[in-house]
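Some notes on the structure that comes next.
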Amino acid sequence: MTIDPAALEAREPIVSRQTVTKRDVMLYALGVGADELAFVYEENLQMLPSMATTLAYPGFVWKDFDLGADWKKVLHGETSIEIHRPLPVEGELIGETKFGPFFDKGADKGTVAYQTREIRDADGNLLVTVRNGSFLRGDGGQGGSSEPQPRPRPLPDRPADEVITMTTAANQALIYRLSGDYNPLHIDPEVAKAGGFDRPILHGLATFGVVGRAVLGTLCDNQSLRLRRLDARFASPVYPGETIRTEIWRESSGVASYCASVVERDLVVLNNGYVEYA
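Printed below as a string of structure tokens:
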């Protein structure tokens, strides 16, 4: 069994619902290492913008919805969040996930598949759009768009304007997984070894959240309302306890680029980052 790109693009959206509480917001913040009161104290609480990736989450769709993919060979390639309205710290949320486009690399190379999740409040107001790109390594040669895959956004060819380092905790993945991603790769040493890692790795979206904190603090003075968009491509995993260095380039009014690397291994982990902010 394998994917049918045309059928997936024609599929009705996957609808997912969530009741968000202040506790959820604070737990997510702790899961990405935040300790600022604005994100972990119920008085005047703000939601970290990167938490949008977890809202009205439909689950690991390639496994949970029998879409035909070889889910054990799926890698998360990129993520984008575009915020349209303030994210509430309490309330009912509804997500609708659609598939496409698909970019077939060939029978022995796999397919790049995109999914878009629009998240609305109970009144139908569009709050945020989350776009994810996945690399289906076991599902090439099945057809897809004839258009070229979108090119990654290039980084400026000059030294970064800002450099921020943040150390992750040894138990970071244990906390982050409580926000909904229970993939055993991030907690079970035997599963991690089977996946080619010598120990459990940090969730990619947890790394995205840590780097998002660096971007938010540097460009938006930790005011969540000011962040409008945050994109990144995933390059390599982070091990809990490692230090993440985020480099930021201010490009024009309200636009910046960034990348992030692990200090201990001098290895890029998030690349081609893009930010829009007020």
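Here the sequence shown stands for residues 12 to 289, where the numbers follow this note's numbering. The beta carbon of each residue, even a glycine, is placed where N, CA and C say it ideally should be.
Output yes or no for whether 8 angstroms exceeds the beta carbon distance between residue i and residue j.
| i | j | result |
| --- | --- | --- |
| Gly226 | Thr257 | Per the sequence presented here, residue 226 reads as Val, with Gly not at that position. It is a contact, given that the beta carbons lie within the stated cut-off. |
| Trp260 | Ala171 | yes |
| Asp150 | Thr122 | yes |
| Ile105 | Arg28 | yes |
| Arg290 | Gly88 | Beyond the ends of the chain as shown, which are 12 and 289, falls residue 290; an answer cannot be given. |
| Thr239 | Glu287 | Residue identity differs from the one stated: residue 239 is Arg in this sequence, not Thr. Cβ atoms of Arg239 and Glu287: closer than 8 angstroms. |
| Ser145 | Val85 | yes |
| Ala217 | Val43 | yes |
| Ile92 | Leu241 | yes |
| Pro291 | Ala181 | Any question about residue 291 goes unanswered here, given that the chain covers just 12 to 289. |
| Ala267 | Val141 | no |
| Thr176 | Val274 | yes |
| Glu103 | Thr32 | no |
| Pro167 | Glu262 | yes |
| Phe50 | Leu38 | no |
| Gly228 | Ser61 | no |
| Gly79 | Gly117 | no |
| His230 | Gln183 | Looking at the sequence shown, residue 230 is not His but Leu. No, they are not a contact pair. |
| Gly191 | Thr90 | no |
| Arg110 | Arg169 | The residue asked about is misnamed: residue 110 is Phe in this sequence, not Arg. No; because the gap between Cβ atoms is not below 8 angstroms, this pair is not in contact. |
| Leu98 | Ser235 | yes |
| Ile130 | Ala67 | yes |
| Gly154 | Pro16 | yes |
Any idea if residue i is buried or exposed, counting beta-carbon neighbours within 10 angstroms, 16 or more meaning buried?
| i | result |
| --- | --- |
| Asn264 | Here residue 264 is Ser; the residue named in the question, Asn, does not match the sequence. It counts as exposed. |
| Asp232 | exposed |
| Tyr193 | exposed |
| Arg128 | buried |
| Arg164 | exposed |
| Arg224 | buried |
| Leu19 | buried |
| Val327 | Any property of residue 327 remains undetermined from this structure, which presents the chain solely from 12 to 289. |
| Val36 | buried |
| Asp119 | exposed |
| Leu48 | exposed |
| Asp115 | buried |
| Tyr125 | buried |
| Tyr52 | exposed |
| Pro253 | For the record, residue 253 in the displayed sequence is Glu; it is not Pro. Burial call: buried. |
| Ile255 | buried |
| Gly284 | buried |
| Pro159 | exposed |
| Asn55 | exposed |
| Gly215 | buried |
| Ala133 | exposed |
I'd like to know whether the C-beta of residue i is nearer than 8 angstroms to at least one C-beta of chain C.
| i | result |
| --- | --- |
| Val226 | The chain labelled as chain C is not found in the depicted structure, where only one protein chain is given. |
Does the ligand GDP have a heavy atom nearer than 7 angstroms to the CB of residue i?
| i | result |
| --- | --- |
| Phe146 | The ligand GDP is not among the ligands present in this structure, which contains no ligands whatsoever. |
What are the residues that DSSP puts in a beta bridge with residue i?
| i | result |
| --- | --- |
| His87 | Ser145 |
| Ala271 | Thr257, Leu281 |
| Thr127 | Lys109, Arg142 |
| Glu36 | The question names Glu, but residue 36 in the sequence shown is Val. None; Val36 has no bridge partner. |
| Ser27 | Gly106 |
| Leu137 | Arg131 |
| Ser263 | Val266 |
| Glu287 | Arg240, Val266 |
Below 8 angstroms, how does it come out for the region 134–150 and the region 185–202: are there three or more Cβ pairs, yes or no? no
Beta strand (DSSP E) runs wholly inside the region 139–181, at least 3 long, in chain order: 173–178
Within the region 178–248, note down every full beta strand (DSSP E) run reaching 3 residues or more, in order along the chain. 238–245
Length at least 3, wholly inside the region 42–124: the beta strand (DSSP E) runs in chain order: 85–94, 102–117
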